[in-house]
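In the UniProt record's numbering, the protein residues as written are 1 to 559.
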C-alpha cells in the first residue's frame with residue numbers, strides 16, 4: 001500500500017498535486033480531445049443479452065494501490081461466475097459483466113507509465129490475461145490522480161482502442177455514453193481536477209440526450225460523489241456556476257435513476273422516497289476511507305443513508321489505530337523529529353541541571369531565550385501557522401483554533417523532549433554539569449561541550465521521532481471521531497487494505513435494474529500460484545484469515 005506519510009512520498013505527492021492544480025486548469029486536455037479525437041455518439045449494447053435475457057455490467061473504482069486489495073478485486077471481476085454469500089440465504093451466483101466500467105483514480109499516488117504498469121496492469125493481467133469470447137469491454141473515466149500527469153498515461157492506455165487485461169477498450173475520449181438494453185443508458189463523465197466538466201463535454205452529452213426516449217433511464221457515473229462533498233461544505237452549486245450540475249439537472253434531469261461515484265474508498269448508499277439511488281463505491285483497491293466522516297446521513301436533496309460498509313461503529317473503531325500511528329507510518333518520525341530538534345535549537349537554554357522541582361526556573365530560562373532571539377518566535381509561529389493551514393475545512397469556524405492547538409501541542413511536546421534530553425545528558429551522564437560564567441565554555445573543555453550538544457540533539461530528535469507521531473495521531477483521531485474532519489488524512493495514514501467492494505449490475509427482461517454490491521471484509525495477505533493459464537487468475541488465496549465475497553446488502557432493484 002502507498003505510505004502517504006512517508007517523508008519522500010509526502011513531498012512528491014504534494015508537489016504533484018500543486019503542479020497538477022496549477023497547470024491542469026490552464027492546459028485542459030479534454031479540449032484537445034474534443035478537437036482531435038472523434039468518438040461515436042454512443043456505444044451500443046442494447047441488443048446484447050445472455051440466454052436468460054439478462055445484460056450484466058460491472059463497476060469498480062479507486063484501484064491500483066496495494067497488490068493485495070487490487071488483485072483481490074481484479075480476480076473476482078475476472079471469474080466467469082462469482083458465488084457470493086448472502087445474509088442468511090442461499091449464495092447468489094453472478095455471471096461476469098459484459099462490460100467493466102472503471103470509475104476513476106486507477107492508480108495511486110500519481111499517474112505515470114511505470115505506476116500504471118506496476119499498480120494496475122500487473123495485478124489485472126495476473127487475474128485475467130485473456131478471456132474466452134465474447135471478451136468483456138472496458139470503459140474508464142479518470143479521477144484526480146489520473147490527471148496528475150496531464151492525463152497522458154490514461155489516454156495512451158485506455159483511449160487507444162487496445163487490449164488491457166483480456167478486455168477491449170473502445171473509447172477515444174475520457175468520457176463516454178453506453179446505450180444498454182431495455183431503455184437504459186450509462187453516462188461516464190470526466191470532472192478533471194476542478195470537479196466539473198468542460199463545455200464540449202456538455203455538448204457531447206446534450207447530443208446523447210437528444211437520442212433518448214421519454215421513458216429512457218440513466219446510470220450516471222462521476223469520479224467524485226458531489227452529493228457527499230455538498231453536505232461537507234454545506235453548499236450545493238447551481239448549474240449557473242457548474243456544468244456538471246447543469247448536465248444533471250437540465251440535460252438529463254429525472255432520467256437519472258442511479259448516481260454512482262468513487263473517490264471515497266468505501267461503500268455507502270443513499271436513496272430518496274422515489275427510489276432513486278446515490279451510491280459511493282470506491283472499494284477497488286485503495287486504502288479505506290471512514291464511513292462516519294464526513295457526516296452525510298441526510299443529503300441536501302433529502303436522500304438518506306441506507307447502508308454503509310463498514311458500518312459507522314467499525315469505522316470509528318478503526319480510527320483509533322491513529323494512536324499507534326508510528327506503527328503504520330514508521331518514517332513519519334523523521335519529520336516530527338526534525339521539527340522538534342529545530343524548535344529545541346531555536347529556544348535553546350541551559351536547563352540540563354534543573355529537574356522537575358525547578359520547573360518555574362526552566363520556563364523562565366526558556367522564555368528569556370525566546371525573547372532574546374526573535375527568530376525563535378518566527379519558528380514557533382511558523383509551526384502554528386503551518387498546522388493551522390493544514391487543519392481541515394470541515395472544522396468550519398474552529399479550523400484555525402484546532403490547527404493552532406495542534407501546533408501548540410507539538411511545541412509543548414518538543415519542549416519536554418528537549419528538556420528531558422538535556423537533563424539526561426547533563427544530570428545523569430554528567431557531561432558539562434558546570435559552565436564558566438560566560439555560559440559557553442565547559443569546565444571539562446570543548447570535547448565535553450560538543451559531546452553534550454550532540455548527544456542532547458540526538459536524544460531530542462529521537463524523542464520527536466517517537467512521540468511526535470503520537471501527537472499527530474491523537475489529533476487525527478480526535479478530529480475524525482469528534483469533529484468528522486481529516487477523514488482523508490486519518491485513514492490514508494493507516495493504509496487499511498480491507499473492506500473492499502465493487503458493483504455488479506443486471507438489466508432483466510422486464511427492464512428492471514438490479515444492483516448487487518459485492519464486498520470483501522478482509523482481503524488475503526498470502527497467495528499461491530494456480531498454474532491455470534492466461535484465461536484464469538494466476539494466484540488464489542493462501543490466507544486462512546481472508547473472508548469470502550458477500551453481498552453487502554440485499555440486491556437493490558430499480559423498476
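Cβ atoms here follow ideal geometry from the backbone N, Cα and C, with glycine treated the same way.
For residue 559, the three-state secondary structure derived from DSSP is coil. In this structure, DSSP gives residue 317 a helical state, which the three-state scheme calls helix.
Within the segment 198–264, the alpha helix (DSSP H) runs of at least 4 residues that lie entirely inside it are, in chain order, 199–210, 226–233, 243–246. For residue 279, same chain residues with a beta-carbon under 6 Å away, outside a window of 5 residues either side, are 260, 269 in chain order. Note that the C-beta distance between residue 167 and residue 126 is not below 9 Å. Here the segment 334–352 makes contact with the segment 375–382; the two share three or more CB pairs at distances below 8 Å. In the three-state reduction of the DSSP assignment, residue 360 falls in the helix class, which pools H, G and I. Residue ranges of uninterrupted beta strand (DSSP E) with 3 or more members, entirely inside the segment 122–199 and ordered along the chain, are 137–140, 167–169, 176–180, 184–188. Here the alpha carbon of residue 321 sits roughly 42 Å from the alpha carbon of residue 171. When 416, 195, 113 are compared, the shortest CA-CA separation from residue 155 is found for 113.
Here residue 11 is exposed. Its C-beta has fewer than 16 other C-beta atoms within 10 Å. C-alpha of residue 87 to C-alpha of residue 554: approximately 8 Å in a straight line.
Three or more pairs of CB atoms, one per stretch, sit closer than 8 Å, so the segment 409–425 contacts the segment 455–467. Residue 120 sits away from residue 331, with the two beta carbons spaced by 9 Å or more. It is roughly 11 Å from the alpha-carbon of residue 56 to the alpha-carbon of residue 45. In the three-state reduction of the DSSP assignment, residue 389 falls in the helix class, which pools H, G and I. Inter-segment contact for the segment 249–266 and the segment 216–231 is present: three or more beta-carbon pairs are separated by less than 8 Å.
Here residue 401 carries a helix assignment [DSSP, helix/strand/coil].
Remark: fewer than three beta-carbon pairs, one from each stretch, lie closer than 8 Å, so the segment 299–308 and the segment 468–484 are not flagged as touching. Counted as a single uninterrupted DSSP element, the beta strand (DSSP E) harbouring residue 55 occupies residues 55–60.
Contact between residue 266 and residue 309 holds: their C-beta atoms lie close to 6 Å from each other, under 8 Å.
Looking from the CA of residue 133, the closest CA among 153, 101, 251, 97 belongs to 97.
In the three-state scheme derived from DSSP, where H, G and I count as helix and E and B as strand, residue 65 is classed as coil.
A Cβ-Cβ separation of about 3 Å places residue 333 in contact with residue 465 under the 8 Å criterion. Residue pairing by DSSP puts residue 43 in a beta bridge opposite 178.
The three-state reading of DSSP puts residue 52 in coil, since its state is none of H, G, I, E or B. The Cβ-Cβ distance between residue 195 and residue 229 falls below 9 Å. For the pair residue 498 and residue 109, the CB atoms are not nearer than the 9 Å cut-off.
In the three-state scheme derived from DSSP, where H, G and I count as helix and E and B as strand, residue 551 is classed as strand. CA-to-CA, the gap between residue 90 and residue 552 works out to about 14 Å. Taking a contact as a CB-CB distance under 8 Å, the pair residue 141 and residue 104 counts as one, their CB atoms being some 5 Å apart. Residues of the same chain with a CB within less than 6 Å of the CB of residue 182, apart from the 5 flanking positions on each side, are 507, 511 in chain order. Note: residue 267 is bridge-paired with 281, 309 in the DSSP secondary-structure output. Collapsing the DSSP output to three states places residue 544 in coil. Membership of residue 336 in the alpha helix (DSSP H) is indicated by the continuous run 333–346.
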